[in-house]
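Numbering-wise, the working numbering puts 25 at position 25 of the sequence shown, and it's gapless, one number per residue. To start, the structure under review is shown below, and the notes come after it.
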Amino acid sequence: PAFHRGVSIHNALNWADLDPADPGRYAWPPYASEPHQVSDDLLGNLHDAGFDFIRLTVDPGPFLQFTGERRDGLDAILVERVRQIIAHGFAVIVDFHPVRQV
Numbered sequence: 001p002a003f004h005r006g007v008s009i010h011n012a013l014n015w016a017d018l019d020p021a022d023p024g025r026y027a028w029p030p031y032a033s034e035p036h037q038v039s040d041d042l043l044g045n046l047h048d049a050g051f052d053f054i055r056l057t058v059d060p061g062p063f064l065q066f067t068g069e070r071r072d073g074l075d076a077i078l079v080e081r082v083r084q085i086i087a088h089g090f091a092v093i094v095d096f097h098p099v100r101q102v
């Protein structure tokens, strides 16, 4: 795909929720809270505004912390989010973008 006019979505898979019992670890699931949600309305508006790709920033921290079934679940969350964006006609750049949180 060609990338002409892009926009970044930084909140969806960044600044993961922290475990309230241990703020040095990520909560499970890490992106369940409201600030991490990306609405179909928002994506539709971005597409209507002429954007053709989304740069989706992803904090690698949870991907490094979780293993086994939770890691598989985290991979599924990422794939689901990418599919949601593609369904609105966008190309997607997944940008593993570390943050200092944990």
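Glycine residues also receive a C-beta, built at the ideal position from the N, C-alpha and C atoms.
Taking residue i as the reference, give the member of the options with the closest Cα.
i, options, result
"Val38", "Val82, Phe3, Leu18", "Val82"
"Val7", "Leu42, Pro30, Thr67, Glu69", "Leu42"
What residues in its chain sit with their C-beta under 7 Å from that of residue i, if we drop five residues either side in the sequence?
i, result
"Val99", "Asn14, Trp15, Asp59"
"Phe96", "Val58, Pro60"
"Ile86", "Val92"
From the DSSP output, which residues share a beta bridge with residue i?
i, result
"Ser8", "Arg55"
"Ile93", "Arg55"
"Leu13", "Val58"
By DSSP, does residue i sit in helix, in strand, or in coil?
i, result
"Pro29", "coil"
"Gly50", "coil"
"Pro35", "helix"
Just mark residue i as buried or exposed, buried being the case when its beta carbon has 16 or more other beta carbons within 10 Å.
i, result
"Pro20", "exposed"
"Ala76", "exposed"
"Ala2", "exposed"
"Pro23", "exposed"
Please list, in chain order, all residues of the same chain as residue i whose beta carbon is under 6 Å from its beta carbon, the five residues on each side excluded.
i, result
"Pro35", "Asn11"
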